[in-house]
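Report on one structure; see the data block that follows.
Numbering (the numbering used here), first residue to last: 223 to 504.
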């Protein structure tokens, strides 16, 4: 097996939120293959991913911490520092979505969207960056979305607002934390074929997604994980405050929008879900 290019990740400690499945799991495994020990959070599947990390010969620490709660984040970080000495890489991946139109959006769901996509990001970055300062620096990678950069038919008003907030947060943190040698960047995935997406996407939408992608291929969690590894590595030593778009070029074309189809699909989603405050985590 060819030796990978030097990344500087060997022997580092990484914390990945939402690391139990999908994109988060792919990020955990990619960083572990580069030589990092991985602490991860997930409310459901952290233990399974931890076992896969250990099978790669790296240490793993699994948490079910709710990152929207400051006390739980602090307790988790304190334990990582106590057992492993510090944190060198933070990947803020946890997030969630829904498909509400503005006219149907309850305030409670707006608040939930901001909490899951922004509050956890804030708590983890604030607490972990203090640990990184004591280590002489670190790498923070925040997972945003194509919906945070431009209008997409895959997002919603609350999700788009939250993910745009992730990008703004990233830029300002890069400015504030730069003197402490902490790089802060964001990855914006386009439509990515995670298990959750594949379970929800119709054959017709899948076909149209492929037709709209200039590279004529789907984007998978491993593609996003490769971008995270780059930004967490020494190869990105002088990269900070940037947003890396990984979407196969789907954001390039400007096409005709079927407004009636967009509107009716949202109404159908609401009807089928019989919404009772259920949430979808990414």
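Idealized CB from N, CA, C, for every residue including glycine. All values derive from a computational prediction rather than experimental measurement.
- Beta bridge pairing from DSSP links residue 361 with 311, 405.
- The shortest C-alpha to C-alpha distance from residue 293 to any of 341, 276, 272 is the one to 341.
- Within 10 angstroms of the beta-carbon of residue 359 lie fewer than 16 other beta-carbons, which makes it exposed.
- Short of 7 Å from the beta carbon of residue 474, and not among the five residues preceding or following it, lie these beta carbons of its own chain, in chain order: 436.
- Excluding sequence positions up to five before and after residue 280, its CB lies within less than 8 Å of the CB of 254, 257, 258, 259, 260, all in the same chain and listed in chain order.
- Separation of residue 354 and residue 284 (C-alpha to C-alpha, rounded to the nearest whole angstrom) is 20 Å.
- DSSP, reduced to helix, strand and coil, places residue 419 within a helical segment of the structure shown.
- If you check the CB distance, residue 361 and residue 310 come in under 8 Å.
- Here the region 420-429 makes no contact with the region 326-338; the two share fewer than three CB pairs at distances below 8 Å.
- For residue 259, DSSP records a beta bridge to 235.
- Counting along the chain, residue 451 sits inside no beta strand (DSSP E); it lies in the alpha helix (DSSP H) bounded by residues 443-454.
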